[in-house]
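As they're listed, the protein sequences go chains A and B. One point on numbering: in this note's numbering, the residue at position 2 of the first sequence is 246, and numbering is uninterrupted. One point on numbering: in this note's numbering, the residue at position 343 of the second sequence is 587, and numbering is uninterrupted. A virtual CB, placed ideally from N, CA and C, is assigned to each residue, including glycine. Structure first, commentary second.
Number of protein chains: 2
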Amino acid sequence: MTDAQTKRRTRGGGGAARRAERTAVSIETARYIERNIPNFEILTPEALEIIEANAETVLAEIGVNFVNNPAALERWREAGADIEGERVRIPRGLARKLCETAPSRFTQHARNPARNVEIGGKTLVCAPVYGPPFVRDAEGGRRYATMEDFRKFVKLGYMSKWLHHSGGTVCEPTDIPVNKRHLDMLMAHMTLSDKPFMGSVTDPSRAQDSVEMCEILFGKEFVQQNTVMTSLINVNSPLTFDDVMMGALEVYARNNQACIVSPFIVGGAMAPVSVAGTLTQVLAEVLAGIAYSQLVRPGAPVIFGAFVTSIDMNSGAPTFGTPEATQILSGAGQLARRMGLPFRSGGGLCASKLPDAQAAYETANTLNAALLGGVNFMLHACGWLEGGLVSSFEKFVMDADQLGVLHKLAEGVPVDENAQAMGAIAEVGPGGHYLGCAHTQENFKAAFWRSDVFDYKPFETWDEEGARDTQALASRRVAHQLATYQEPVLDPAIRGALEAYVAEKKASMPDAFM
Amino acid sequence: MTDAQTKRRTRGGGGAARRAERTAVSIETARYIERNIPNFEILTPEALEIIEANAETVLAEIGVNFVNNPAALERWREAGADIEGERVRIPRGLARKLCETAPSRFTQHARNPARNVEIGGKTLVCAPVYGPPFVRDAEGGRRYATMEDFRKFVKLGYMSKWLHHSGGTVCEPTDIPVNKRHLDMLMAHMTLSDKPFMGSVTDPSRAQDSVEMCEILFGKEFVQQNTVMTSLINVNSPLTFDDVMMGALEVYARNNQACIVSPFIVGGAMAPVSVAGTLTQVLAEVLAGIAYSQLVRPGAPVIFGAFVTSIDMNSGAPTFGTPEATQILSGAGQLARRMGLPFRSGGGLCASKLPDAQAAYETANTLNAALLGGVNFMLHACGWLEGGLVSSFEKFVMDADQLGVLHKLAEGVPVDENAQAMGAIAEVGPGGHYLGCAHTQENFKAAFWRSDVFDYKPFETWDEEGARDTQALASRRVAHQLATYQEPVLDPAIRGALEAYVAEKKASMPDAFM
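Below, the structure written as C-alpha cells:
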C-alpha cells in the first residue's frame with residue numbers, strides 16, 4: 245500500500261513538484277497515542293450488565309425510528325426486526341450480533357502515509373473542533389466564520405505537533421452557499437494539510453462528493469480497499485435515525501469509509517436525567533446505528549460514539565467538564581470495549597465564552613476523562629468554545645499544546661535500569677543536588693514535558709514583558725504558526741483534477757443558503 | 245466524645261453565647277469525600293516491587309542524614325540502624341517494620357464535631373493553599389501578604405462548601421514578627437472557622453505552642469487522646485531530615501498529633517530526573533521519616549506525603565500539572581496504599597502568575613490526578629498560584645468551586661431502579677423530549693452538578709452584563725463571601741483564655757523578623 249501510494253503521489257509530478265518536495269518544511273507530528281497505561285473504569289461489571297440488558301429491552305420493546313427511509317425499514321425487516329410504521333423493534337441480541345462484523349480497529353489513511361492513524365484498541369487519535377458557526381480571536385472578537393477562517397484552522401491543525409487529524413467542519417464557512425461549502429472544506433483539508441480528514445454528512449449527495457474527491461486524491465481502487473475518511477453521523481436522540489444522516493452513513497458504509505455513530509445528547513432533554521438511564525439510551529442507539537451500518541455493508545468500519553453533555557437545570561444551558569459528563573464518558577467507553585468497538589467521545593469541551601480559566605477547567609476535566617476513559621477518536625480535541633458555538637483561534641493552540649500532556653502520560657512509567665537511577669541516588673547522596681550529575685545530563689532533554697504556550701519565566705521577567713495572560717501568549721503563537729506555515733507538497737496533476745471537480749460541481753447547481 | 249465536646253463548648257457560655265448560637269448563620273460544608281470509585285493505578289505490581297526493593301537498598305547502603313539531632317541518632321541506634329556521624333543506614337526491612345504501628349486511618353477532630361474529618365482508606369479531605377509569602381487579587385495585584393489577608397482566606401475557607409479543612413499557613417502574614425505569627429495564625433483558624441486546621445512547624449517551640457493552644461480550645465485530656473492537628477513536615481530532600489522539622493515532628497508525635505511526612509522535590513534538582521528514580525527516593529524518605537515518628541511514639545498518626553514538581557529544563561523553573569507530576573502522584577499513592585498509610589499529595593498546583601487558562605489547565609490536571617490517584621489529604625486544594633509564591637483570592641474561590649466536581653465524581657454511578665429510568669425512556673419514546681417527564685421532574689435538582697462561579701448564560705446576556713471572564717466572576721464571589729461572612733460561635737471563656745495565652749507568649753519574647 246505504501247508503495248502504491250508513493251507511486252500515486254509522484255505520478256505525473258513534474259520538476260516543480262520535486263523541487264517543492266525538496267524545499268518543503270517538514271512539520272513534525274507525533275504518532276497517534278498508543279496507551280501503555282490502564283483505562284479508568286467507573287462502572288462495575290454488574291452495573292454494565294444491567295445497562296446492557298436494559299438497552300436490549302429498549303430496542304425490543306420501545307424500538308427506534310428510521311425516518312423517511314423505506315429502504316432502511318426493508319433492510320431491518322429482512323434482518324428479522326419487527327416494523328410498525330417507521331418504528332423498528334429489534335429482537336434481543338440481534339443488534340449486538342449484527343455489530344460483530346464491524347472491525348475492532350482500522351487504519352485511516354492519510355495522503356502522507358506517515359500520518360496514517362490507527363483507530364481502536366489502545367490508540368487515541370486527536371481531531372480538532374467540529375461544527376461552530378462562529379469564530380473568536382482576541383483581536384476580532386466573536387463573528388460568523390468564513391472560508392478564510394476555515395483555511396486558517398486547517399493550517400493551524402497541520403502545524404500542531406500533538407494533533408493527528410485535520411478534522412472536518414473546523415468551523416462553518418458561512419460565506420459559502422450551504423450546498424457548496426463541503427467542496428471548499430474538503431479542498432482545504434486535501435491541499436493545506438496532509439493529515440487524515442472527515443467527509444461531509446449534511447446530505448447523501450455531499451457524502452458521495454466526498455468519496456469522489458477522495459478517489460481523485462487517493463485513487464479509485466485505493467479508496468474502495470482502504471478507509472480514507474472517518475465521518476460524524478449524529479443520532480437524532482432519543483432513538484431516532486433521520487434520513488439525512490442515515491443517507492450519508494449508507495454512502496460511506498457502501499464505500500468502506502468509517503462512520504462515527506454518535507448519540508447527540510443534552511442530558512435531561514434528549515435522555516433521562518440520570519447517568520445509568522443515559523448510558524442505556526446511548527447503548528441502544530449505538531447498537532441500532534452500528535447494526536444498520538453492517539446491514540448496509542458487513543465489515544464497514546465504525547466507531548461507537550457518545551456526545552453527552554450535562555445541563556444547568558436553572559437555565560437549561562448545556563454544561564461541560566462536569567462530573568456527570570465524565571461518568572457517562574467513562575461508562576460509555578466500557579460499553580464500547582465490551583462490544584470490541586473503537587470509541588469516540590469529547591475532547592476539549594467547555595461552556596465558557598472566552599478562552600479563560602472556566603474554559604480551561606472544563607476542557608482539562610474532559611481531556612483527562614477522555615484519556616483515562618479509553619477514547620480512541622477524540623473529536624473537538626482543540627479549539628472548541630462556548631458550547632460548540634465558537635471555534636477559538638487562541639483556544640485551538642492552547643488545547644493543542646495540552647494534548648502533549650496526554651501523549652506523555654499515556655507512555656506509562658519506564659522502570660528499566662536507567663529509569664531506576666540508582667547510580668544517581670548513590671552519586672548525589674543526602675543533601676546533594678542532581679542538576680549536575682551524569683544521569684541528569686544524559687536524560688534531562690526527554691525527562692519532562694514542557695508547554696510551548698505557557699509562561700514559565702520568573703515573575704519579574706514576565707512582568708517586564710507585559711504580564712501576558714494565556715490568551716495573549718496564545719495569540720502570539722497563532723500569528724507565528726500562520727506566518728511560518730508552508731503548504732505540504734501535492735502532485736499538481738491531482739490538485740488540478742480536484743480543482744476541476746469542484747468547479748464542475750459548483751457550476752452544476754444554483755447557490756443555496758438554507 | 246461528641247458529648248464531651250458539646251459539654252466543653254457550652255461550659256461557661258453565658259447568655260451572649262447562647263444568643264449568638266441561635267442567630268448564627270449555618271454555613272454548609274460537605275462531608276469529606278468517601279470514594280465510591282476505583283483508584284487509577286499507573287504502575288504494575290512488578291514496577292512497584294522494583295521501586296520498593298530499591299528504596300530498601302537506598303536506606304541500607306546510602307542512608308539518610310538526621311542533622312543536628314543527637315537524640316534522633318540515639319533512637320535510631322537503639323532501633324538497630326547503623327550510625328556514622330549524622331548518617332543513618334537502616335537495615336533492609338527495618339523502616340517498613342517500624343511503620344507498621346502507624347494507623348491506616350485516623351479522625352482529625354474539629355471544634356465543631358460536624359466538621360471532623362476521617363483521613364485514610366477511601367477518604368479525601370481538602371485543605372487550602374499553604375505557605376505563599378505573596379497574595380494577589382484583581383484589584384490590588386501582587387503584594388506581600390499580611391495578617392489581614394490571612395484572616396480573609398480563613399473566612400473564605402470557612403465559607404467554602406467543598407473545603408473540609410481550614411489549612412495552616414494560608415499565606416505568610418509578613419507584617420507579623422516571624423517568631424510570633426504562628427500565634428495569630430492559630431488564633432485566626434480557631435476563632436474565624438470551626439473546621440479542622442494545622443499546627444506550626446517552623447520551630448519545635450512553636451509546635452509546642454500549637455499543642456498548648458489546642459489544649460485550651462479542646463481541653464487538655466481531649467488533645468492527648470485525640471488528633472486535633474495535622475501538620476506539614478517537609479523532608480529536606482534528598483535524604484535529609486533537619487532538626488527544625490524533626491523537632492516539630494517530635495513534639496506532635498509525642499502529643500498524638502498527626503504529621504504529614506512529605507518529601508519536597510523539584511524533579512531533576514532534589515531527585516533523579518526520572519519518575520521511577522524519584523519514586524524510589526520518595527519512598528526511602530517517607531519510610532525513614534515515618535519510621536522515626538513511630539520511634540518517638542508508636543501509633544502516632546502520620547500521612548505518607550509527596551510533593552513533587554517537574555522542572556522546565558530550559559529555565560530551571562518548577563512546572564505543574566505536567567504528565568510526570570501525575571505519574572509520580574499516582575505511583576506514590578500506590579506505594580502508600582501498599583504500606584496501609586494515608587496519602588497526601590498536591591491539589592490545585594500551577595505555575596501561572598494569573599488565575600487564567602494556564603492556571604486552570606495545570607490545576608485541573610492536578611485535581612483530577614489527585615482524586616483518581618487516591619489522595620487522602622489534599623493540601624493546596626484551592627488558592628495556589630505562581631508555583632506557590634502567591635495565594636490568590638480569585639483562584640481560591642475558583643478552585644474551591646471545582647472541588648465540587650470531585651465530590652460528585654467520587655460518588656460513583658447509581659444503578660438502582662430510579663437511576664435506570666426505564667419508565668422514562670418508555671414514556672418519552674423515539675423523538676420525544678425528557679424535560680417535562682415525571683422522572684426528570686423528580687430527579688433534576690440533584691441530577692447535575694453546577695458551578696457557583698462559572699457563567700452558563702446565553703452569549704447575549706453575558707455580553708450585556710459586561711462579558712466578564714472567570715477572574716471577574718470570582719472577584720465578585722470573593723467580595724460576596726467576605727461581606728456575608730459570620731463568625732462561628734465560640735465560648736467566650738475559651739476565646740478569652742486563647743487571647744490571654746497569645747498576649748502572654750507575645751510579651752515573653754522580642755520581635756524577630758528573620
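Residues that DSSP places opposite residue i in a beta bridge
| i | result |
| --- | --- |
| Q351(A) | In the sequence as presented, Gln is not what sits at residue 351(A); that position holds Thr. In the DSSP output, where bridge partners are listed per residue, T351(A) has E362(A). |
| I509(B) | V552(B) |
| N687(A) | For N687(A), which the question treats as bridged, DSSP gives no partner whatsoever. |
| G411(A) | F441(A) |
| W628(B) | S635(B) |
| T563(A) | S554(A) |
| C370(A) | M622(A) |
| G385(B) | D381(B) |
| R319(A) | DSSP output for R319(A) lists no bridge partner at all. |
Own chain, CB closer than 6 Å to residue i, minus 5 neighbours either side, in chain order
| i | result |
| --- | --- |
| T254(B) | Low per-residue confidence applies at T254(B): pLDDT is 42, beneath 50, and the placement is therefore not dependable enough to give any value. |
| S719(B) | A382, E638 |
| V472(A) | H353, C458, F462 |
| A535(B) | A339, L342, C343 |
| R349(A) | G364, G365 |
Span separating the alpha-carbon of residue i from that of residue j
| i | j | result |
| --- | --- | --- |
| L501(B) | P545(B) | The residue asked about is misnamed: residue 501(B) is Gln in this sequence, not Leu. Straight-line Cα distance between these residues: approximately 7 Å. |
| P335(A) | N360(A) | 38 Å |
| E743(A) | L427(A) | 10 Å |
| G549(B) | G656(A) | 22 Å |
| P586(A) | F466(B) | 58 Å |
| N470(A) | A613(A) | 31 Å |
| C594(B) | Q646(B) | 15 Å |
| R739(A) | T563(B) | 45 Å |
| L407(B) | P599(A) | 27 Å |
| G618(A) | S574(A) | 8 Å |
| K666(B) | P674(B) | Reading off the sequence shown, one finds Met at residue 666(B), where the question assumed Lys. Each residue's alpha carbon lies about 13 Å from the other. |
| L523(B) | A601(B) | 30 Å |
| G374(B) | A608(B) | In the sequence as displayed, the identity of residue 374(B) is Tyr instead of Gly. In a straight line, the C-alpha of Y374(B) is about 18 Å away from that of A608(B). |
| W693(B) | E568(A) | 7 Å |
| D660(A) | A274(B) | 44 Å |
| H433(A) | N480(B) | 54 Å |
| F640(B) | E305(B) | 44 Å |
| D438(A) | H624(B) | 44 Å |
| D713(A) | D643(A) | 15 Å |
Sequence-distant residues of the same chain with beta carbon closer than 7 Å to residue i, five excluded per side
| i | result |
| --- | --- |
| M403(A) | I271, Q725, Y729 |
| R759(A) | Because chain A is modelled from 245 through 758, residue 759(A) falls outside the range shown and cannot be assessed. |
Neighbourhood of residue i by C-beta, 8 Å cutoff - its chain only, sequence neighbours within 5 removed
| i | result |
| --- | --- |
| S537(A) | A346, L493, A497, C503, V505, A544, V546 |
| R581(B) | N283, F587, G618 |
| V308(B) | R331, V332, I334, L483, T484, F485, A528, E529, A532 |
| P754(B) | none |
heavy atom of the ligand FMN below 7 Å from residue i C-beta
| i | result |
| --- | --- |
| L615(A) | Absence of the ligand FMN from the depicted structure is noted, as is the absence of any ligand whatsoever, leaving it without description. |
* Quick check: the segment 269–288 of chain B against the segment 277–287 of chain A, are there 3 or more CB pairs under 8 Å? -> yes
* **Near-chain A residues of the segment 582–601 of chain B (beta-carbon distance less than 9 Å), N- to C-terminal order** => A595, S596, K597, L598, P599, D600, A601
* Where the segment 418–451 of chain A meets chain B: residues whose CB sits under 7 Å from a CB there -> none
* Positions along the segment 687–707 of chain B whose CB lies within less than 9 Å of some CB in chain A -> N687, F688, K689, A691, F692, W693, R694, S695, V697, F698, D699, Y700, K701, P702, F703, W706, D707
* Hey, is the segment 630–645 of chain A in contact with the segment 735–749 of chain B, meaning 3+ C-beta pairs nearer than 8 Å? -> no
* Three or more beta-carbon pairs under 8 Å between the segment 361–381 of chain A and the segment 640–659 of chain A, yes or no? -> yes
* To do: Please name the residues in the segment 274–288 of chain A whose beta-carbon is closer than 8 Å to at least one beta-carbon of chain B, in chain order.
  => I281, P282, F284, E285, I286, L287
* Asked: Taking Cβ-Cβ distances below 8 Å as the criterion, which residues of the segment 466–480 of chain A are in contact with chain B?
  -> N480
* Please name the residues in the segment 533–559 of chain A whose beta-carbon is closer than 8 Å to at least one beta-carbon of chain B, in chain order. => S554, I555, D556, M557, N558, S559
* To do: Could you tell me whether the segment 312–332 of chain B touches the segment 514–524 of chain B, where touching means 3 or more Cβ pairs closer than 8 Å?
  => no
* To do: Say whether the segment 485–500 of chain B touches the segment 444–456 of chain B, bearing in mind that this needs 3 or more beta-carbon pairs closer than 8 Å, one atom from each stretch.
  => yes
* **Positions along the segment 604–621 of chain B whose CB lies within less than 9 Å of some CB in chain A** => A604, Y605, E606, T607, A608, N609, L611, N612, A613, L616
* **Members of the segment 507–533 of chain A that neighbour chain B once the beta carbon cut-off is set at 9 Å** => G511, G512, A513, M514, A515, P516, V517, S518, V519, A520, G521, T522, L523, T524, Q525, A528
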